[in-house]
Amino acid sequence: MVYLSIENDTKELYLFINSPGRWVIPRVAIYDTMQFVQPDVHTICMGLVASIGSFLLAGGEITKRLAFPHTRRQ
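So in the UniProt record's numbering the end of the sequence shown lands on 74, straight run, no missing numbers.
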């Protein structure tokens with residue numbers, strides 16, 4: 001995300017999330033990066049999103065969060 005924002009800070013970024021949770025610290029680092037970069041980050045939920053994965057989904061821009069119809073959220 002940092003590299004992409006350096007290359008073009010006006011182009012929006014897309015983060016596809018399929019996460020069963022677990023390992024919190026690395027995902028908190030991803031969340032911090034999402035908040036740090038200048039472009040808006042779209043979060044797209046697919047498959048399974050649980051625990052800290054839900055936290056990442058909520059970290060996207062307020063009007064740019066999406067979950068596919070058959071996504072399981074826990």
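Note that the Cβ used here is the ideal one computed from N, Cα and C, for glycine as well. Quantities reported herein were computed from a predicted structural model and do not represent experimental measurements.
Distance, Cα to Cα, residue i vs residue j?
i	j	result
Met-1	Met-34	7 Å
Gln-74	Glu-12	27 Å
Tyr-31	Lys-64	15 Å
His-70	Glu-61	22 Å
Leu-48	Thr-10	30 Å
Tyr-3	Ala-58	22 Å
Leu-66	Phe-55	13 Å
Have a look at the DSSP bridge pairing and note the partners of residue i.
i	result
Ile-62	Per DSSP, none; premise fails for Ile-62.
Thr-71	In the DSSP output, where bridge partners are listed per residue, Thr-71 has none listed.
Ser-19	Val-49
Leu-57	Looking at the DSSP assignment, Leu-57 forms no beta bridge with any residue, so it has no partner.
Leu-4	Leu-4 pairs with nothing; no bridge assigned.
Spatial neighbours of residue i within its chain, please: C-beta separation below 8 Å, excluding the five flanking residues on both sides.
i	result
Arg-22	Ser-51 and Ile-52
Apart from the five residues on each side of it in sequence, which residues of its chain come closer than 6 Å, Cβ to Cβ, to residue i?
i	result
Ser-5	Val-37, Gln-38 and Pro-39
Phe-68	Met-46
Val-28	none
Below 7 Å CB to CB, which residues in the same chain sit around residue i once its five sequence neighbours on both sides are set aside?
i	result
Tyr-14	His-42 and Ile-44
Secondary structure, beta strand (DSSP E): runs of 3+ residues fully inside the segment 27-53: Those beta strand (DSSP E) runs which fall completely within the segment 27-53 and span 3+ residues are 41-49.
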